[in-house]
């Protein structure tokens, strides 16, 4: 088992930044990343402005650091007038908001020569839940497809880093490191790939059939969840929004049958499918080193599509290799109860929210990538940071948020170091540089092999429809 435990990071300044920085949104991630920006980028507080519709308790932090904040909701009608005088050539927009369209912000930034980063591709309000849109059009696949079209129009433009938090984002870098480790440990001699095709060929050569973004959050608060409130360790609005979208996954070439409720999209890259069922109600079997086997929710995320697309291998126009890729998430136990309550009310969110950061007393967030189907069975690589170490490393964070804010920082630094790359996803970035910046904030970073498969202990007490000839079929993972 490869294990690397982070030490307390030095306050290293990666570079100087003389422009203006606008942070849109100041929830748990905005509040968590601000100390890191000030710690590792040579920037003065007066260069930073926060624009958000709700400070969410962050007023004291902003005042402590001397950061100006403007409480205003960005809309389609006021976005340009609000931002025009605050952004210009060489400035940076850090988008950590919900319900502010990423594409609208990026188009503005491309026009003005402004660097950009976000942690997911957000639509305007209603993009996730408009019943007039088809299920396919309410998907992350559709949001990404729109972004890819924008990417083609702005080749060579100012760098815009899209979907670069923990996941999506950090897990794409974990995937590349896991592939390198797996090649080393199975005796596959190969240089570290430098191209998209090279990474796909390596994953194919190693026999990787399935990649789970496997996460188990065990953080707890001593205060029980009350009826009518949603409790979580990170953005509740973000979680509920993506949980109400269809379950989505990159669809592998090894899969024999489409799920009964599975559908292909009629547009785009065709690297993924969706289920006619929300992710909040869809579970799969998965595994992490500390937790062992558990059921995780197939919450849709950009990385489920982008990693599968990036690792696709073609022979001419024919797709000859692609792994199945999706999220398998077990949030903190109080969020599970909150999800159960919301499911019983047809996904109508509770009126009250409680984001647990300071009140967490114990637990960790075990987040990594689980590569399966290769010679050694299953290999998990990721972060196992606990709440106590997270607090010792950066204020205003818990074990979940710190795994997001570290790659937000690394994405900002990478964009400043590479300012003319146009619109890029995490899979296209330098994984080593990003991991170098993130690693001091991830706690123990572990690589662990396992003989676990989704068939273990199955069919003993009740009959099940299983494919025992290939344990890595999606039907074997799915909880029905």
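In UniProt numbering, the protein residues as written are 1 to 480. The C-beta atom is built at its ideal place from N, Cα and C for all residues, glycine as well. Only a predicted model underlies this, so the values are computations on that prediction, with no experimental measurement involved.
### Query
DSSP puts residue 330 in a beta bridge; with which residues?
216
### Query
By how many angstroms is the C-alpha of residue 423 removed from the C-alpha of residue 199?
20 Å
### Query
Contact check, residue 297 vs residue 275 under 8 Å by CB: the rounded distance?
Residue 297 to residue 275, Cβ: 12 Å. No contact.
#### Entry: Where the beta strand (DSSP E) through residue 277 begins and ends
272–278
### Query
What residue from 441, 338 and 376 has the CA that sits closest to residue 386's CA?
441
### Message
What residue range does the beta strand (DSSP E) around residue 379 cover?
### Response
377–386
### Query
Does the pairing of the region 126–134 with the region 287–301 give three or more beta-carbon distances under 8 Å?
no
### Query
What alpha helix (DSSP H) runs, 4 residues minimum, are completely inside the region 134–217?
140–153, 170–185 and 196–206
### Task
Tell me whether residue 5 sits in a helix, a strand or coil according to DSSP, three-state version.
Because the pLDDT at residue 5 is just 47, under 50, the model does not fix this residue reliably, and the value given afterwards should be weighed accordingly. DSSP places residue 5 in strand when its eight states are reduced to three.
### Task
For the beta strand (DSSP E) containing residue 295, list its first residue and its last residue.
292–297
### Query
Just how far apart, CA to CA, sit residue 315 and residue 473?
23 Å
### residue 166 versus residue 371: straight-line alpha-carbon distance, rounded
17 Å
### Task
Can you grab the Cα-Cα spacing for the pair residue 258 / residue 204, in whole Å?
21 Å
### Task
Check each candidate in 68, 147, 174 and 131 and name the one with the smallest Cα separation from residue 118.
147
### Query
Where does residue 420 land, buried or exposed, given buried means 16+ other C-beta within 10 angstroms?
exposed
### Task
Below 7 Å CB to CB, which residues in the same chain sit around residue 216 once its five sequence neighbours on both sides are set aside?
288, 291, 294, 330 and 366
### Message
residue 49 and residue 22 - do their beta-carbons sit closer together than 7 Å?
### Response
yes
### Query
Taking residue 479 as the reference, which of 132, 60 and 282 has the closest Cα?
282
### Message
Spatial neighbours of residue 491 within its chain, please: C-beta separation below 8 Å, excluding the five flanking residues on both sides.
### Response
What is shown of the chain runs 1 to 480, which leaves residue 491 out entirely.
### Task
Please state whether DSSP places residue 476 in a helix, a strand or coil.
helix
### Query
Hey, out of 75, 77 and 51, whose CA is closest to residue 69's CA?
51
### Query
Which whole-angstrom value describes the C-beta separation of residue 87 and residue 111, a residue pair presumed to lie in contact below a C-beta threshold of 8 Å?
With a Cβ gap of about 10 Å, residue 87 and residue 111 do not count as contacting.
### Task
Grab the span of the alpha helix (DSSP H) containing residue 356 for me, first residue to last.
Neither: residue 356 is in no alpha helix (DSSP H) and is coded neither H nor E.
#### Entry: Whole-Å CB distance - residue 14 paired with residue 41, under 8 Å assumed
6 Å
### Query
Quick check: the region 73–84 against the region 94–108, are there 3 or more CB pairs under 8 Å?
yes
### Task
Note the first and the last residue of the continuous alpha helix (DSSP H) segment covering residue 401.
401–417
### Query
Looking only at DSSP bridge pairs, what is residue 366 linked to?
216 and 384
### Task
May I ask you to report which of helix, strand or coil DSSP gives residue 325?
strand
### Task
Mind checking which residues open and close the alpha helix (DSSP H) that includes residue 222?
It is not in any alpha helix (DSSP H) - residue 222 carries neither H nor E in the DSSP assignment.
### Task
Can you give me the start and stop residues for the alpha helix (DSSP H) that residue 262 sits inside?
Here residue 262 belongs to no alpha helix (DSSP H); instead the beta strand (DSSP E) covers 262–264.
### Per DSSP, cross-strand counterpart(s) of residue 51
24 and 70
### Query
How big is the Cα-Cα spacing for residue 27 and residue 410?
19 Å
### Message
Pop quiz: residue 324 and residue 249 are said to be a contact at Cβ under 8 Å. What is the actual Cβ separation, rounded to whole angstroms?
### Response
6 Å
### Query
Taking the continuous alpha helix (DSSP H) assigned at residue 305, which residues delimit it?
302–310
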